[in-house]
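Structure first, commentary second.
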Amino acid sequence: MEYFSNLKAKLIYVFRIPDATHSDCVKIGEATFEDGNISLPPNSSALNKAAKARIDQYTKTAGINYELLHTEIAIFVRDGKLGAINDKEVHDVLLRSGIERKKFPHVNGANEWFVCDLETAKKAITAAKEGRKALQGHEISVGQFPIQFRPEQQEAIDKTLKQFKKGSQMLWNAKMRFGKTLTALQVVKEYENFRRVLILTHRPVVNKGWFDDFGKIFYDTDEYAYGSKSNGDSYLSLESRARRGECRYVYFASMQDLRGSELVGGNFDKNNDIFTTPWDLIIVDEAHEGTQTELGKAVMDELTKEKTKVLRLSGTPFNLLDDFKEEEIYTWDYVMEQRAKAQWDIDHPGDHNPYAGLPRLNIYTYDLGRLMNEFADEDIAFNFREFFRTNDDGEFIYKSYVENFLNLLTKTDEESMYPFANKRYRDIFRHTLWMVPGVKAAKALAEMLRNHPVFGLFKIVNVAGDGDEERDYDDALKEVEDAIGKDPDQTRTITLSCGRLTTGVSVKPWPGVFMLSGSFNTAASAYMQTIFRVQTPATINGRVKEDCYVFDFAPDRTLKVLAETAKISTKAGKQSVGERQQLGEFLNFCPIISIEGSKMKQFDTEQMLQQLKRVYVERVVQNGFEDGYLYNDELMKLSDIDIKKFENLKAIIGQTKAMKKTNDITINDQGLTKEEYEEKKKLEKKKKRELTEEEKARLAELKEKKKGRDNAVSILRGISIRMPLLIYGADIIDEDKQLSIDNFTDLVDDLSWEEFMPKGVTKEIFNQFKEYYDPDIFTAAAKRIRLMARAADNLTVEERIERIARIFSNFRNPDKETVLTPWRVVNMHISDTLGGYTFFNEDYSKIIEEPRFVDRGDVTADVFTPDSHLLEINSKSGLYPLYLAYNIYRSRLRNSTFSPETLEEHQAIWDAAVAENIFVICKTPMAKAITYRTLLGFRKGKTNMWAPEDLINKIKNQPELFIKKVHNLVGKNVKIKAIVGNPPYQEVNEGNGNGANPLYHLFIDLGRKLSPIGSMIHPARFLFKAGKTPKDWNEKILSDPHFKVVDYWVKSTDVFSNVDVKGGIAITMWNETEKCGPIGFFSPYPEVRNILKKVQAYNPKSFSDFVYPRDLYKLTENLYKENPWAEGRQSQGHRLDIGMGG
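For the sequence shown, my numbering gives the first residue as 5, with consecutive numbering after it.
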């Protein structure tokens, strides 16, 4: 007997149990063997003996008969070195390859059984020895065959391959169940130049789907490998193999993970390798989600290299279409699908119809606003949030109204058009999805449904949550499927949701969805994604689902969304025959039926066209007046004199940093007559060699005509984007008479006009161009903005703030002199410095349903109290005071001697906070009016605001007088607890901004004299001792122990879209009651700061001690009089400037 032993070798074994329970799986384990021979071949007698000895230990007592399939030694040689694997590493390879563990009912701990065959298990052992994280598709034995793509899928593949030979981007506008994943991977397989492919999505949950489909496409080749953080190989392994020429690869990454990276403005040092990889192709899945935000755009900009191709996939790309040319879009929509379904049986009689299982949509609208006009929102829609509002006990405030609504749906009547009115209908709609406004509404409605005499017969499944969170999808889906059971004909369910299960899932038994949430502003993409849930094909007990239903209780919203979906792309009354036919075909395959009482009315093409004007108005509003529909057809008739007029305007507007031009909605052919449009379309379809000389000339003429309009629109854009904010704040008595393009200049005082409009564009100049605006669209869009703001006055405090923030999200930043701080940045700024309640999640990427509290210790406790006095030093929009007022409102609410219940009682507390706690400095009377509108809307109330005649002059030349005036505003002996704001950055001068004198440092100095605590957001160049802020001021701030940098962004566009501020943007804070500095040398990177300490210890001298920064000097006209040759040599805006530096 041996009492001692040294190191022993391990082996890996695979066996199976020949019975029904284990028929589809094998077990992979490990054992020790005594033989010291490490070169034994697989399945040798010594290895088999050792394996059986181990297996017998846990099978003999149970009398289990097993079959040993394979054994091999665990030792391997890699890079000239010996190593060994264990069974867990083999398990990990299988799991990352998408092969699942076998689950046995009522058995715990059976973790070594896997649903695969022997060959796959053996290849997993080999992969583990080679250090690979996963198997390649062709290594998994599942009896796969090539995918047979449908005609439209093959068309998408072919068109994309052709487009990528000449261009770099492609959009697939393909509805649910098109097969985007498989089809996109086939593009990867067929395009020979793709070595590195990135799949980017806003939904990490779809990783497994991509991985599974990867195996279906690449099952027959080892040329490509798949990787992600949870499936397939790791990024580092894939990239290492690719560099050695061993493979091409597809890597899956989530937008959530990438946007948290420092490189794009996030908080974490991660994913640098992914951002620096020269991706050949980026596939953006569900491209309408998360890619159009500032963070999403930053991620795409960083990932996309010069030669990168981008393929975007979306079933509802309504927010993307304008960024693509016609040849860059492949479309497969609902109408095309239903047309193919109808045509198949004609073209292929007797053959299986691949589209047969796709049901037809039927949309029924019920106008609840007429039945219950108490809840008709001024925002042109039924106010579902108000209707379903709950109290602190979680019960409906308008309980009787909700009960009446449920009774209306179920009122027994054989002739009724309500979906639960009789037994036959209730059998059809055994399982339905109900969309509700929020978590609280869902909980209260679930309780009411369970206690209802009819709906109590249904199992109520409440999957509502705080939005669309992927990690909860699996649990929510399982809950619904469990409730429905194996036989849907034997159960009844109602699923309540406020976001979950509306994308990427299929519940076959759902025949209908009830739209009890949203508003007129509901995004078409979100609406269509939701209603397509019920279009999932289903065969239940031999019966095929041929029709599915949408029940919408806000008809205006229905018409708007579906008109947009039908993609009617010209103005109302100017549709071509083809476009009318397109809308008619949509209504044929998706009938929209209006129910009024017991009467049923089906909408036709003409009725739908009448609704389209509202769609165009809404688009103009949502695009912040940066939209082609705002202009009329006079732009198509420009004379030489008109063109010269526009050139002069361009020279003026060119002095500001106007927004980058974005593609207009269908600006392509807007304004051409029907005949010209059809003529141009017909000529463009012809091949160039088939065109006659006359046709070529005519096509060139039509293109030039369109180009002239495009140029004019791009010039007017610099003015138009400034209009919405002025309309929002304007003090108007009679909107019907005063709110027009002709009266627009009368709405704005001269000082405010000069502040908000481009420098040099006077009211007189503007009046020369107002003839090019569509007066009806302008007036309707202006009224719409004010209507949304007015409707917000009837909402709760939190909902009103959300509505105001939504309105501001449509406004554009005109230039760096008039930077509007987005609501997201306001929340990030104040919660990172003063704390308090913020309306955003932790990374400020998403608005949350309930504001969350951020505690900054003593600062938060001291600043947000019922007796605080807080000052915003340069309000343009009122969003900073809005945040401050809300936090004072919450503190007053906590200290209130009674619990307010009605809207009026809450408004009284809000009004007190605005009147007694919030103080605001504005640069112009219009800024003051805008701030008032943001704080109090159209209601009367007291505010504390001051708009001096010349704010900048007072700040620069009369700072003591300014301080005195502020004390007069706040109260002579009143202490200002905190000051916040986004101050003016610089003066506008002839130097086109490059030599402009800074102003923000003056506001910081005055702020510090007014309050011991404060924070501002401003340019960051001074942190690097650069720019034109005074040198001694830079030194003073950088050495101040009470001054700190809270946030810093290298790219100003990460904070303010389309505003380029050299040197980046910083949020700074001072606090005279605590030491937090000094800043000293600033770098956002701690590694650099550590290096500096070492360098300074050796040599304390700095470059700034002997390098003089660039400066500007002024020339006179004498230069050009004496030297005519010098005219035109200087760059635009610098005719009298000369730069010096060294």
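Cβ coordinates follow ideal geometry from the N, Cα and C atoms, glycine included.
This one's a predicted model, so the numbers in the text were calculated from it and none came from an experiment.
Check, Outcome
"If A50 sits next to D39, beta carbons under 8 Å apart, how far is it from one beta carbon to the other, in whole angstroms?", "5 Å"
"Helix, strand or coil, according to DSSP, for Q674 in the structure here?", "No answer about Q674 holds up, because its pLDDT of 41 lies below 50 and its placement is not dependable."
"At 3 residues or longer, what runs of the beta strand (DSSP E) sit wholly inside the stretch 524-560?", "551-556"
"Please report the distance separating the alpha-carbon of G300 from that of T507.", "20 Å"
"How should L706 be labelled, buried or exposed, when 16 other C-beta atoms within 10 angstroms of its C-beta is the threshold for buried?", "buried"
"Quick one: which unbroken beta strand (DSSP E) runs of 3-plus residues sit fully inside the stretch 828-916? Chain order, please.", "840-844, 851-858 and 874-879"
"Between the beta-carbon of Y253 and the beta-carbon of Y230, is there less than 9 Å?", "yes"
"Kindly indicate the opening and closing residues of the alpha helix (DSSP H) around F37.", "Where F37 is concerned, there is no enclosing alpha helix (DSSP H), although the beta strand (DSSP E) it sits in stretches over V30 to F37."
"Report back the beta-carbon spacing between R1025 and G1031 to the nearest angstrom; my notes put them in contact at under 8 Å.", "3 Å"
"Which residue marks the beginning of the alpha helix (DSSP H) containing N972, and which one marks its end?", "P963 to V974"
"Measuring straight from C-alpha to C-alpha, what distance separates T935 and L189?", "52 Å"
"State buried or exposed for W1129, treating a residue as buried only when at least 16 other CB atoms are found within 10 Å of its CB.", "exposed"
"For R389, which residues from the same chain have a beta carbon less than 6 Å from its beta carbon, with the 5 sequence-adjacent residues on both sides left out?", "P441"
"Going by DSSP in three states, N1062 sits in which element: helix, strand or coil?", "coil"
"Tell me which residues share the same chain as A114 and place their Cβ nearer than 6 Å to its Cβ, disregarding the 5 neighbours each side in the sequence.", "F108"
"Quick one: using the 10 Å Cβ neighbour count with 16 as the cut-off for buried, is D750 buried or exposed?", "exposed"
"Are the stretch 448-465 and the stretch 494-501 touching, with three or more C-beta to C-beta distances below 8 Å?", "yes"
"What is the DSSP secondary structure of G941, counted as helix, strand or coil?", "coil"
"Is M340 helix, strand or coil when you go by DSSP?", "helix"
"Run through the stretch 220-279 for me and flag every whole alpha helix (DSSP H) of 4 or more residues, listed as ranges in chain order.", "239-247 and 259-263"
"Whose C-alpha, out of G733, F392 and I367, is nearest the C-alpha of Y405?", "F392"
"How do the stretch 729-748 and the stretch 785-802 stand: do at least 3 beta-carbon pairs fall below 8 Å, yes or no?", "yes"
"Could you say which of M640, I719 and I21 lies nearest to R713 if we only look at CA atoms?", "M640"
"Can you list, in chain order, the residues of its chain with a C-beta nearer than 7 Å to that of I877? Leave out the 5 residues immediately preceding and following it.", "I925, I983, G985, P987, F1007 and G1011"
"Just reading off the alpha helix (DSSP H) that F322 is part of, what are its end residues?", "Per DSSP, F322 belongs to no alpha helix (DSSP H) and is neither H nor E."
"Please list the segments of the alpha helix (DSSP H) lying wholly inside the stretch 428-472, counting only runs of 4 or more residues, in order along the chain.", "443-454"
"If the criterion is Cβ atoms closer than 9 Å, does the pair I221 and I333 meet it?", "no"
"Would you identify the three-state DSSP class for P1023, choosing helix, strand or coil?", "strand"
"Quick one: is G1143 buried, meaning 16 or more other Cβ sit within 10 Å of its Cβ, or exposed?", "exposed"
"Exposed or buried, which one is P826 when buried takes at least 16 other CB atoms within 10 Å?", "buried"
"Provide the residue span of the alpha helix (DSSP H) that contains R794, from first to last.", "P779 to A796"
"To the nearest angstrom, how far is the alpha carbon of R20 from that of K31?", "6 Å"
"Report, in whole angstroms, the separation of the C-beta atoms of K1048 and M1073, which I expect to be a contact under 8 Å.", "6 Å"
"Note down, in chain order, each residue of its chain lying with its Cβ closer than 6 Å to the Cβ of V268, except the 5 sequence neighbours on either side.", "A302, V303 and E306"
"Just curious, the alpha helix (DSSP H) that H1005 is in, first and last residue?", "Y1004 to L1014"
"Can you find the residues in the same chain that come closer than 7 Å, C-beta to C-beta, to T562, ignoring five residues on each side of it along the sequence?", "I367, T369, D556 and I596"
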